[in-house]
Structures are given as structure tokens and as C-alpha cells.
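One structure below.
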Amino acid sequence: MTSPHQAGRAATTTADVAVVGCGPVGLVLSILLAHKGWRVVILEKYRGQYPFPRVVAFDGETARSFASAGIGADLMELGEPLGQYMFQNAEGRELFSFEAPYEPGRDGWPIATVMHQPTFERALRDHVTTLPNITTLFGHKVESITDHGTHVSLTAPGPDHDGAVTASWVIGCDGANSFVRDAMGTRMIDLNFKHDWLLVDVVFHEKRAFRPNDVQVCDPARPTTIVASGRGHRRWEFMRLPGESIEELSTVERMWELLRPYDVTPDNADLTRNIVYTFQAALADKWRNGRLLLAGDSAHLMPPFAGQGMCSGIRDAANLAWKLDLVLRDIADDTLLDAYQAERSLQVRHTIEMSIEVGKIVSELDPVAAARRDAFLIAMQAKPEGVDLAPSAYALEDGIVRRTGGEVVLPHGELSPQGLVARGAERDRFDEVVGRGWQLITTLDPYEALGEDELEFLKVLGAQLVRVMPAGIPPKIARAHEVVDVERLYLPWLAGHKKVAALVRPDYYVFGFAQDRADLPALVQELKAQLPLV
1 MTSPHQAGRA ATTTADVAVV GCGPVGLVLS ILLAHKGWRV VILEKYRGQY PFPRVVAFDG
61 ETARSFASAG IGADLMELGE PLGQYMFQNA EGRELFSFEA PYEPGRDGWP IATVMHQPTF
121 ERALRDHVTT LPNITTLFGH KVESITDHGT HVSLTAPGPD HDGAVTASWV IGCDGANSFV
181 RDAMGTRMID LNFKHDWLLV DVVFHEKRAF RPNDVQVCDP ARPTTIVASG RGHRRWEFMR
241 LPGESIEELS TVERMWELLR PYDVTPDNAD LTRNIVYTFQ AALADKWRNG RLLLAGDSAH
301 LMPPFAGQGM CSGIRDAANL AWKLDLVLRD IADDTLLDAY QAERSLQVRH TIEMSIEVGK
361 IVSELDPVAA ARRDAFLIAM QAKPEGVDLA PSAYALEDGI VRRTGGEVVL PHGELSPQGL
421 VARGAERDRF DEVVGRGWQL ITTLDPYEAL GEDELEFLKV LGAQLVRVMP AGIPPKIARA
481 HEVVDVERLY LPWLAGHKKV AALVRPDYYV FGFAQDRADL PALVQELKAQ LPLV
């Protein structure tokens, strides 16, 4: 079906960007572009919303992107705390664990939130209906894509549209079996991790608490995952063992048999979904071909053990959206889009490798090797090496980022924090008070420290120039370009790096820091030099 703001059977739909796939990644990307004023058409092969959850959690960085996509006010109502994420051995002894308190973390949102994916997608789709520059075509499976050099034509016939679409750019957010990826001639590089798991989603008849809330049962007799999946929903995942057929594993009788040790029976729960899914790791070798690009699972696949599959796709959307915006505005030429793969493939490769390391811990089937693993992890009394969820784990290593001696050196490229700030009567997260997009965060008055050329360039970018004032200063005296650092986050952050300013990209990654007043104009000029300006 078409979106409410589209009427009739059009011969051809024309858009600035065609997004193939209406999952979370496609929705967020479409909304971010629409917020910038661009015309977007979303093509989705299913006639309605996909009814089953695939993803069950997201991190604080992803929450920040969801807020940018218009559902920030709903996040706490839609989600619930992840709580403790524990790895146990076959005897139930803790090997290591993560704590995820339901309070704002470094991104201004909880570090991990559990969700029911169909409910979240519904909220995103509801927001889409408020944006008149997004056209949604459900039940339209793309059958052909032709890149003409100056534009792209697609055919996607469906029930209420003739299926001809013309767009300046096409983004494939169409999942692991991506049609767009095939049309690009892109191949997936196998990263040597592949296991079949039975996924069973249940809804309990009555509210029930689990302690710990989320568990990886590292039992060589049957590796098992138990996770919350939104209010009233819970998922069990059981690894398929050698010699066990998919058919025998996925019978209803076998599922109830596997659930019975956890006191999950037809008397207290309903099965809502069961599927055998292959957990695998792969990375696309080419993310762009002409006017076609990839995002989300069409570009990368990873096992779910670190909870970063969808989060990585949302990072793609946030990264790609600002680059496409500059290209569509004729501020930068399209070589800027080549930085997309340079940046994201390195980041996501790290995330995949971390997910594989966690997966190896969980999926060990040799009892002797499992016993050695247990003894080692219990002796460590800490998370194992290679499992790093710190912000620096996702820092930029290439692309549009300031360099020192030709190399990207931290803290340049790190993920920026978000805290509460105040200005006048406003007191909220930084993005809500200051605004999104490029952000220059400084202890100085930017209008005094920068020259006319730098100020004009930042104005073209639509950057927010913000001087951060110490906590305790009355917010009512803050000028239009000033905020009070209510949580004492920003000034200690800059001071900790011995810097006076950070120039933050629209995807929340720091392009670079300025070490003193004299360095601030140079910081802006370096960004100007790196962007392929028209």
C-alpha cells in the first residue's frame, strides 16, 4: 500500500533518494534525509510491516540517532532496561557480565535498551507519515535498477503503483539477500563464522522477572541465549548441534522440550515465532558503485552476541545521511561518498571481530575446551580480551577526520558525549537545546576566536556554534550561542583531552579537536580542506 500522503497510481515517482527496504536502517536514513528537505521514496517488498522481531536491543549511540529520527520522546516508553548481561557456564557459574543501568550514559541515553522491534518500527513509520516529502511504496519488490550516470531508474511494480521510480541516488537497505547489492556487482567477504541457531520468541501470560535479565549459557551440551525482547516478550536461542537436522530442531514439540527447563510451558506462555537462522559474519567488498550504495545488513553481517547488528546499520544511516546532504546541496562533489566505506568498513570490521570473539566463547562445543575456557574466565574475573564496548572501540580510523602527522590519532575521531545543558528556560539534552548537525563545542567565544572565512564556511554547513559555560552560572544569562554545562560533562571532557574545542560531525563523531585559541581556525580550515567542495 502507499503512504497516506500519496494518492493514485503514478506513472513515475521522482525522488532525490530511493531507499530500498523499510526496516529500521531504511526508515532512519529516510527520515534523516527528509528532515533536511530531500524527497525520499521507500520501496518495500512486503505489503505490510514485517510482524516478527529480529533485533532485541540497541545502544546509547543508536538511541541518539533514533531521537534524531523523531522518536526520542517515545524511547523510554517503547524500551525497557537491559539490566545485567551475564555469561554463565553449564553449572550456572558466572564467567563475566556487563551491567547496563537504565539511566543516561555517555550518549545521553541508557547504554543498552531492550526493545520489541515491530513496536519500534511502527513508531518510526508513524513519524514517516508526518513527513510529506517521503513516499512509501509497500508491496513493491524492486525488479531492475539502471544507473544512467546522472540518475537511477528502478522498476518495482506493486498493487497500487506502476512501479517506475527515478532518483538521484539509490541506497540498498534491503538486508542480507540484497537485490541492490547484486545489482552493484558487490560480493560478500566471508569472515569465517557460521552457526545455525533456533530462535524462539514467547509472550508470557503474566508478568515475570528473570535474574539475571539476559544470559548467555555457555554450555557445550547446548549453547543457549536467553534475552528480553521488549515488554512482555522474551527470546530463547538454541544452537543447532552436529548431526541435528533443522527439521527436528524446529518442531513445536522440540521447542517446548527445550523451553521446559526454564519453566516455560504452554500453560504460562505462547509461542509467537520460531525460525532457524544462520548466525554468520560477512562484509561487502564494495559499498558504492556509481549512484548505488549499501547500508545495514546488505553491507555487513555479524553474529548477534554483542548486540551490534542493527546498531551498525544505524551508524551507516547517520554517516551516509550527512554526506548525501552535502552532495545533494552541491556543497561537496560525490567523491565525498567514497569516504563512507573508508570510515564505516573499518568501524564495522572491528565490531564484527568483537562479535565473533563473543560468539566463540558462547559456541564452544568441546567439553574439554569449554572447561579450560571456564577456568580461564573465572580466574580473570573480568571480561575477556577483544570484547571492548568502550567508545574508543568505534572511533574513526580513516575518512573525514583530523590528522596528526598524517595519521588519525585519538582523541580525534572519537564518539562525542551528550549531557544535559541549559539556556534560558531550556534544560535538556545537548541535541535538543543546541540543535543537530555539525556542532562546534568550545570554551571560547567562537565568534571572537574565528575569522570571517571560517564563520562563513560553518554557516554554509549549517553548523551550531556553541560556547559551553561552567555549571552554576544562571542559564538565563546565557546568550544565543552559549549553554550551561549542567552535568559538568563538556568542560571536563575538553579539559581531559587538554583541548579548548571539538568540531563534531552530524553523526556525533568528532572531526577533530583544537588545542588552543590559535588552533581553532586551523581546525575549521582542515575540515574545509578535507571536504571535496564544489
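Numbering (UniProt numbering), first residue to last: 1 to 534.
C-beta: ideal position from N, C-alpha, C; glycine also.
Pairing Asp59 with Ala176 gives a Cβ-Cβ distance that is not under 7 Å.
Phe120 carries a helical assignment under DSSP once its states are collapsed to helix, strand and coil. In the structure shown, Gln216 adopts extended strand secondary structure according to DSSP, grouped into three states.
For Val408, the CB contacts under 6 Å within the same chain, skipping 5 residues up- and downstream, are Glu397, Val401 in chain order. Going by DSSP, Thr136 is part of the beta strand (DSSP E) stretching over 134 to 138. For Phe52, same chain residues with a beta-carbon under 6 Å away, outside a window of 5 residues either side, are Arg273 in chain order. According to the DSSP secondary-structure assignment, Gly83 is paired through a beta bridge with Ala100. DSSP, reduced to helix, strand and coil, places Arg373 within a helical segment of the structure shown. With 16 or more other CB atoms across the displayed protein chains lying within 10 angstroms of its CB, Asp214 is buried. Between the beta-carbon of Thr224 and that of Phe238 there is about 5 Å, and that keeps the pair under the 8 Å contact cut. Judged by DSSP in its simplified three-state form, Glu61 adopts helix. Three or more Cβ pairs closer than 8 Å define a contact, and the stretch 304 to 314 meets that threshold against the stretch 353 to 364.
According to the DSSP assignment, Val510 belongs to the beta strand (DSSP E) that extends over 510 to 514.
Judged by DSSP in its simplified three-state form, His300 adopts strand. Per the C-alpha coordinates, the member of Thr442, Leu461, Ile378 positioned closest to Ala495 is Thr442. Listed as beta-bridge partners of His233 by DSSP are Val203. By the neighbour-count criterion, in which 16 or more other beta carbons inside 10 Å mark a residue as buried, Asp431 falls on the buried side. The criterion of a C-beta distance shorter than 7 Å is not satisfied by Pro492 and Arg423. Looking from the CA of Ala522, the closest CA among Pro266, Leu455, Gly105 belongs to Leu455. Using a Cβ distance threshold of 7 Å, Val202 and Leu249 do not count as a contacting pair.
Within its own chain, the residues whose Cβ lies closer than 8 Å to the Cβ of Arg231, once the five positions on either side in sequence are excluded, are Glu80, His116, listed in chain order. Straight-line spacing of the CA atoms in Glu452 and Ile226 works out to 57 Å. Note that the stretch 57 to 73 does not touch the stretch 147 to 162; fewer than 3 beta-carbon pairs, one per stretch, sit closer than 8 Å. Listed in chain order, the non-local C-beta contacts of Asp374 below 7 Å within the same chain comprise Asn89, Leu95, local neighbours out to five positions each way being set aside. Just so you know, the alpha carbons of Ala379 and Arg372 end up roughly 11 Å apart. Going by C-alpha positions, Ser229 is about 17 Å away from Gly23. For Phe87 against Gln216, the beta-carbon gap comes to about 5 Å, under 8 Å, which counts as contact.
The bridge partners DSSP lists for Trp287 come to none.
Unbroken alpha helix (DSSP H) runs of no fewer than 4 residues, entirely contained in the stretch 172 to 202, are found at 179 to 184, following chain order. Here the alpha carbon of Asp285 sits roughly 44 Å from the alpha carbon of Glu482. Bounds of the alpha helix (DSSP H) holding Asp453 are 452 to 461.
As the crow flies, the alpha-carbon of Arg427 is around 35 Å from that of Pro212. In this structure the stretch 106 to 125 lies against the stretch 69 to 85, because at least three pairs of beta carbons, one per stretch, are closer than 8 Å. Within the same chain, and ignoring the five residues on either side of Phe138 in sequence, the residues whose Cβ sits closer than 8 Å to its Cβ are Met1, Thr2, Cys22, Glu44, Tyr46, Arg47, Gly48, Gly158. Taken atom to atom, the span from the alpha-carbon of Ser312 to that of Arg344 is near 9 Å.
Contact between Leu283 and Met184 is absent: CB atoms are separated by about 14 Å, not below the 8 Å threshold.
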